[in-house]
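In our numbering, the protein residues as written are 128 to 425. Even for Gly, the Cβ is constructed at its ideal location relative to N, Cα and C.
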Ligand SMILES: Cc1cc2nc3c(=O)[nH]c(=O)nc-3n(C[C@H](O)[C@H](O)[C@H](O)COP(=O)(O)OP(=O)(O)OC[C@H]3O[C@@H](n4cnc5c(N)ncnc54)[C@H](O)[C@@H]3O)c2cc1C
């Protein structure tokens, strides 16, 4: 049985207190949120922090509230809270859908949105949905704060632009234009407790219910070192009238936009085939919701 190595642990009650601790620890400390990723890695010995700074008791990091017509989600909101939130479900159903297929109920009750982003796993469930929604992340350090697009946050498997000493505090989702719809689908070996073999999130905006596509976002997961845009698929969609043929063309282009690997969970060719299927299906649902305005914001 793998045991946790020894470490010191603090539970600050405010963000300034947490940031001061991290700054003093100078890279020897790590933030812990739900611990569903970090504690597993510490048991495996792949990370060895001497000090853990928990966000559990830090006030104000769990709220889900309105922000300039969009939504701001505290980084310590759990995946369950996001999946079950009426506000998220009505404004951003794509995000609610991606949250509801992460792990199992037990994992969702502990795992946080901030942890899911900062782990920077190529197959993480929330980043593709958040990227198609145009999310921004708020990063706070002891002496400086910055708010940056999530698109561009990831630099490789397990790496991102966050610096040691910084805490991801909020995720900000701008309001979406009218006639916008979206979808997220993940494929795994099992219905639950499975990291994606391939996943896709799509969002379409029409100029009017029977109009042309004015904005198209297609983001793929588990088929490249980070979540990536299917850029040629997006380009092929913009300015066009939606149809099943157009979506099939975009899906075929998306296959060429990714660079999947073969591993124990799936072969590269299988993953490419799945990308085709997932992109077609998510685009069709995104279009139907955009046309019917069923998806609220997206
Ligand atoms: C059985 C099992 C099944 C899983 N299934 C899935 C799945 O289907 N899909 C999926 O995407 N993931 C899955 N995961 C991975 C994991 O549960 C998620 O990535 C989860 O969202 C991580 O969040 P956490 O709060 O537990 O992060 P933690 O483990 O606490 O932290 C993860 C990393 O993020 C850093 N961090 C956390 N919060 C912040 C913050 N606010 N600011 C700065 N740094 C921070 C930590 O320092 C650490 O490096 C699974 C894990 C397990 C054990």
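Exposure of residue 167, with buried meaning 16 or more beta-carbon neighbours within 10 Å: As a working note, residue 167 is residue 40 in the chain shown. Exposed, by the Cβ-count rule.
Between the CA atoms of residue 142 and residue 205 - distance to the nearest angstrom: In the chain shown, the residue the question calls residue 205 occupies position 78. In the chain shown, the residue the question calls residue 142 occupies position 15. Taking the straight line joining both Cα atoms gives about 18 angstroms.
Straight-line gap, residue 219 to residue 301 (C-alpha atoms, nearest Å): As a working note, residue 219 is residue 92 in the chain shown. As a working note, residue 301 is residue 174 in the chain shown. Straight-line Cα distance between these residues: approximately 10 angstroms.
Sequence-distant residues of the same chain with beta carbon closer than 6 angstroms to residue 129, five excluded per side: Translated into the one-based positions of the chain shown, residue 129 becomes position 2. Excluding residues within five positions, the ones whose Cβ falls inside 6 angstroms are 170.
Touch test, the segment 242-253 against the segment 278-293, Cβ-Cβ under 8 angstroms, three pairs minimum: Note that the segment 242-253 touches the segment 278-293; at least 3 beta-carbon pairs, one per stretch, sit closer than 8 angstroms.
Cβ-heavy atom distance, residue 346 to ligand 1, below 7 angstroms: For the purposes of this step, residue 346 is identified with residue 219 of the chain shown, where counting begins at 1. No; taking the cut-off as 7 angstroms, the Cβ of residue 346 has no heavy atom of ligand 1 nearer than that.
Any non-hydrogen atom of ligand 1 within 7 angstroms of residue 245 CB: The residue labelled residue 245 in the question sits at position 118 within the chain shown. Short note on residue 245: C-beta closer than 7 angstroms to some heavy atom of ligand 1.
The segment 321-341 / the segment 272-284 touching (three or more Cβ pairs under 8 angstroms): They do not touch, by the three-pair rule.
Counted within 10 angstroms of its Cβ, other Cβ atoms place residue 391 as buried (16 or more) or exposed: Translated into positions along the chain shown, residue 391 becomes position 264. Burial is judged here by how many other beta carbons sit within 10 angstroms of a residue's own beta carbon; residue 391 has fewer than 16 and is exposed.
Of the listed residues 379, 188, 348 and 414, nearest to residue 252 (C-alpha basis): Against the chain shown, residue 252 aligns to sequence position 125. Ranking 379, 188, 348 and 414 by Cα distance to residue 252 puts 348 first.
First and last residue of the uninterrupted alpha helix (DSSP H) at residue 219: As a first step, residue 219 must be located in the chain shown, where it is residue number 92. Residue 219 -> no alpha helix (DSSP H), and no H or E assigned at all.
heavy atom of ligand 1 below 7 angstroms from residue 398 C-beta: Position 271 of the chain shown, counting from 1, holds the residue named residue 398. With a threshold of 7 angstroms, the Cβ atom of residue 398 does not count as near ligand 1, since no heavy atom of the ligand is closer than that.
Of the residues 367, 306, 357 and 346, the one placed nearest residue 82, counting alpha carbons only: Lying outside 128 to 425, the shown extent of the chain, residue 82 is not represented and no answer is given.
Exposed unless 16 or more other CB atoms sit within 10 angstroms - verdict on residue 311: Counting from one through the chain shown, the residue named residue 311 turns up at place 184. Burial state of residue 311 is buried, judged by a 10 Å Cβ sphere holding 16 or more other Cβ atoms.
Residue(s) in a DSSP beta bridge with residue 272: Locating residue 272 in the chain shown gives position 145, where the first residue counts as 1. Note: residue 272 sits in a beta bridge opposite 267.
Span separating the alpha-carbon of residue 343 from that of residue 224: The count along the chain shown starts at 1 and reaches residue 343 at position 216. The count along the chain shown starts at 1 and reaches residue 224 at position 97. Roughly 19 angstroms separates the two Cα atoms.
Per DSSP, the bridge partner or partners of residue 298: Here the question's residue 298 lines up with position 171 in the chain shown. Residue 298 is bridged to 200 and 264.
Residue 251 Cβ short of 7 angstroms to ligand 1 heavy atom set: For this step, residue 251 is matched to residue 124 along the chain shown. At least one heavy atom of ligand 1 is nearer than 7 angstroms to the Cβ of residue 251, so yes.
Rounded separation between residue 176 and residue 134 - CA only: Taking the first residue of the chain shown as position 1, residue 176 is located at position 49. Taking the first residue of the chain shown as position 1, residue 134 is located at position 7. The straight-line gap from Cα to Cα measures roughly 7 angstroms.
Residues that residue 327 bridges to, as DSSP identifies them: Sequence index remark: in the chain shown, residue 327 carries index 200 (1-based). Residue 327 pairs with 312 and 347.
Cβ-heavy atom distance, residue 149 to ligand 1, below 7 angstroms: Walking along the chain shown from the start, residue 149 turns up at place 22. No.
Start-to-end residues for the alpha helix (DSSP H) that takes in residue 179: Taking the chain shown and counting its residues from 1, the one referred to as residue 179 is at position 52. Run containing residue 179: none in the alpha helix (DSSP H); it sits in the beta strand (DSSP E), 178-181.
Coil, strand or helix - residue 172 by DSSP: As a working mapping, residue 172 is identified with position 45 in the chain shown. Note: residue 172 maps to coil in three-state DSSP.
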